[in-house]
Amino acid sequence: MPAPDVQLSTMMVTGYTRNGRIDDALTLFDKMTTRDVISWNSMLQGCLDCGDLGTARRLFDEMPERNVVSWTTMVNGYMKSGRVEEAEGLFRDMPGKDVAAWNAMIHGYSFNSKHEDALMVFIKMIREGVFPNQSTFTSVLNSCRGLEAVDKGREVHTVAIKLDLETDVSVGNSLLVMYTECGNVHDSVAVFKRIEGKNTVSWNSIIVGSAQHGCGIWALIFFNQMLRTGFEPDEFTFTGLLSACSRSGMLQKGRRFFEYITRYKSASVDLQHYTCMVDILGRSGKLHEAEELVKNMPMKPNSMVWLALLSACRVHSNVDAAERAAKSIFSLDPHCSAAYVLLSNLYASAGRWADVSRTRVRMRHGGVVKERGSSWVVMKGKKHEFVSGDRGHPLIERIYEKLRWLREKLKEVGYVADQRFALHDVEDEQKEEMLWCHSERLAIGFALISSVEGSGITVMKNLRVCGDCHEVIKLISGVVGREIVVRDSGRFHHFKNGVCSCSDYW
Numbered sequence: 001m002p003a004p005d006v007q008l009s010t011m012m013v014t015g016y017t018r019n020g021r022i023d024d025a026l027t028l029f030d031k032m033t034t035r036d037v038i039s040w041n042s043m044l045q046g047c048l049d050c051g052d053l054g055t056a057r058r059l060f061d062e063m064p065e066r067n068v069v070s071w072t073t074m075v076n077g078y079m080k081s082g083r084v085e086e087a088e089g090l091f092r093d094m095p096g097k098d099v100a101a102w103n104a105m106i107h108g109y110s111f112n113s114k115h116e117d118a119l120m121v122f123i124k125m126i127r128e129g130v131f132p133n134q135s136t137f138t139s140v141l142n143s144c145r146g147l148e149a150v151d152k153g154r155e156v157h158t159v160a161i162k163l164d165l166e167t168d169v170s171v172g173n174s175l176l177v178m179y180t181e182c183g184n185v186h187d188s189v190a191v192f193k194r195i196e197g198k199n200t201v202s203w204n205s206i207i208v209g210s211a212q213h214g215c216g217i218w219a220l221i222f223f224n225q226m227l228r229t230g231f232e233p234d235e236f237t238f239t240g241l242l243s244a245c246s247r248s249g250m251l252q253k254g255r256r257f258f259e260y261i262t263r264y265k266s267a268s269v270d271l272q273h274y275t276c277m278v279d280i281l282g283r284s285g286k287l288h289e290a291e292e293l294v295k296n297m298p299m300k301p302n303s304m305v306w307l308a309l310l311s312a313c314r315v316h317s318n319v320d321a322a323e324r325a326a327k328s329i330f331s332l333d334p335h336c337s338a339a340y341v342l343l344s345n346l347y348a349s350a351g352r353w354a355d356v357s358r359t360r361v362r363m364r365h366g367g368v369v370k371e372r373g374s375s376w377v378v379m380k381g382k383k384h385e386f387v388s389g390d391r392g393h394p395l396i397e398r399i400y401e402k403l404r405w406l407r408e409k410l411k412e413v414g415y416v417a418d419q420r421f422a423l424h425d426v427e428d429e430q431k432e433e434m435l436w437c438h439s440e441r442l443a444i445g446f447a448l449i450s451s452v453e454g455s456g457i458t459v460m461k462n463l464r465v466c467g468d469c470h471e472v473i474k475l476i477s478g479v480v481g482r483e484i485v486v487r488d489s490g491r492f493h494h495f496k497n498g499v500c501s502c503s504d505y506w
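Counting in UniProt numbering, the sequence shown runs from 1 upward without gaps.
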């Protein structure tokens, strides 16, 4: 038992650090005549909580006796500061590593987006006979999600099942989100159903996940089950519901939810809910109503609200409303590249090439850089990324050969390129060639030549999939007899047998 004065002093040190009074804590700590390892660890943690990594390291080096908590505390501190190599050095030297120490490394790698390293440590942990716990799975599944590697996620899932942790609420929630983000919504639902003691995070995750995949009816069903189970929806629940209505074209249900939220849950209403409602109206072609909603909001709209309107104007080719929305965006955020790109693409689709040129010149003069579009496939843990017109992949000749074959097959079933989505002022033949070099088609071509016949394909894209590519991927799914999942900047599209899950509403 530590002496009473040591316990009291340690409690006071902790109290000072929790209130940000690091100097008072250090003064008291220096005056302590007797210090045990708990005292030192409390001071270490206090310094790290206050962002003083240098003093924490000095104290660590001065400690007469360290335990695994001391070492783990410093590993966490270095990882949170992004000093990964120093954390690795401490971990290598640490004696008697326990599960918390291993978790510190896995979480630290995940936090610093070194996801492959997190998975390697997880494997090594198991090989050395240390059993992972709930915290371990939360971190390593986040890394699987970061890598978009569903195959790795399944392997981790198998370990969770063997340890009887699959139904744990924190592990189950992490599995649910991992499968959702990797494009496997059916697995998400299966995991959700097995979770014991579901919490609000569980319900919100499955509602939002269903919305992301365009399964609006599922989202509504889960919401009703949530209410019957006695859970109170929060602002995240309502965002998920409105998003589900938007992505599934449920205009009237969206209206009713928004009306309910603004009338009875006004304290929970924020800009995100208004952004969703503008999106619902805009996607449904109610551009005037959407614009009036923005103008009459009880709070000042931000650029995201106006972007929702501008995006809808792009879909419905309304140049006048788009110009008004873009003007409002530029007054709030002069360097918003998404607004410039949407406006430029709208002008291009309308054949207004002088306006396209003017918009691009304005971008250059303003130092606005357009985000480069890319698409990628994760296969056997490796990411294969493509940009439009790419020639850099080792298998690029075979990829283009596959695309030429697909092009002929699609012509046989009546495909005609929609040249409005070739956003350059060139001849029609060149426009079609440009469309067939879009990054998502290259990624699909690679996946087709690199995977087992009949297996599913998942492609990720950082921007919105263009309308012509959407039509092409529908046809490809029918020609090759495979399900193709594409996640773009807005949602997941599930293409199967010539049909997309979005019902061409996106």
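Yeah, the Cβ is synthetic: ideal placement off N, Cα and C, and Gly gets one too. Owing to the predicted nature of the structure, the values given are computational and were not obtained by experimental measurement.
Length of the line joining the Cα atoms of K286 and V378: 39 Å
L475 and G445 closer than 9 Å at C-beta: no
Beta carbon of Y109 nearer than 9 Å to that of V121: yes
Every unbroken beta strand (DSSP E) inside the UniProt repeat "PPR" (67-101) [3 residues or more]: none
Pairwise C-alpha distance: K97 and M434: 56 Å
Three-state secondary structure (DSSP) of E440: helix
Proximity below 9 Å, CB of S174 to CB of T138: yes
Stretch-stretch touch, CB-based, cutoff 8 Å, three pairs: the segment 456-471 with the segment 482-500: yes
C-beta atoms of E235 and V278 nearer than 9 Å: no
Sub-9 Å separation of V185 and Y179 beta-carbons: yes
H157 vs E166 beta-carbon contact at 9 Å: yes
D36 to V6 span [Cα, whole Å]: 8 Å
For S451, the nearest candidate out of F495, I399, E432 and R407 (CA to CA): I399
Contact set for D49: own chain, Cβ-Cβ below 7 Å, skip 5 residues either direction: T17
Contacts around Y415, its chain only, beta-carbon distance under 6 Å, and the 5 residues preceding and following it disregarded: L475
For M297, the three-state DSSP class (helix, strand or coil): coil
T27 burial status per 10 Å Cβ neighbour count (16 or more: buried): exposed
Distance between C336 and A308 (C-alpha atoms, nearest Å): 13 Å
Cβ-based burial, D468 [other Cβ within 10 Å; buried from 16]: buried
Segment limits, beta strand (DSSP E) that includes V150: Premise fails: V150 lies in the alpha helix (DSSP H), V150 to K162, not in any beta strand (DSSP E).
Whole-number beta carbon distance between V169 and N199, since they are thought to touch under 8 Å: 6 Å
Rounded straight-line distance, which links the Cα of N41 to that of Q252: 58 Å
Residues of its chain near F257, where Cβ-Cβ distance is below 8 Å and the 5 sequence neighbours each way are ignored: F238, L241, L242 and C245
Simplified DSSP assignment, three categories, for V378: strand
Buried versus exposed, by CB contacts within 10 Å (16 or more), H288: exposed
Sub-9 Å separation of G272 and M250 beta-carbons: Per the sequence shown, residue 272 should be read as Gln rather than Gly. Cβ atoms of Q272 and M250: not closer than 9 Å.
With 16 other Cβ atoms within 10 Å as the buried cut-off, status of T359: buried
Integer Cβ distance of T10 from S39, believed to fall under 8 Å: 5 Å
In chain order, each beta strand (DSSP E) run of at least 3 residues that lies wholly inside the segment 263-331: none
Straight-line Cα distance separating S202 from A267: 23 Å
Cβ separation of R283 and A312, assumed to be a contact under 8 Å, to the nearest whole Å: 6 Å
Closest by C-alpha distance to A326, when choosing among F91, A339 and V319: A339
When E291, M43 and E371 are compared against R58, the one with the closest alpha-carbon: M43
Three-state secondary structure (DSSP) of F492: strand
Where N142 falls, given that 16 or more other Cβ within 10 Å makes a residue buried: buried
Distance between N103 and V13 (C-alpha atoms, nearest Å): 26 Å
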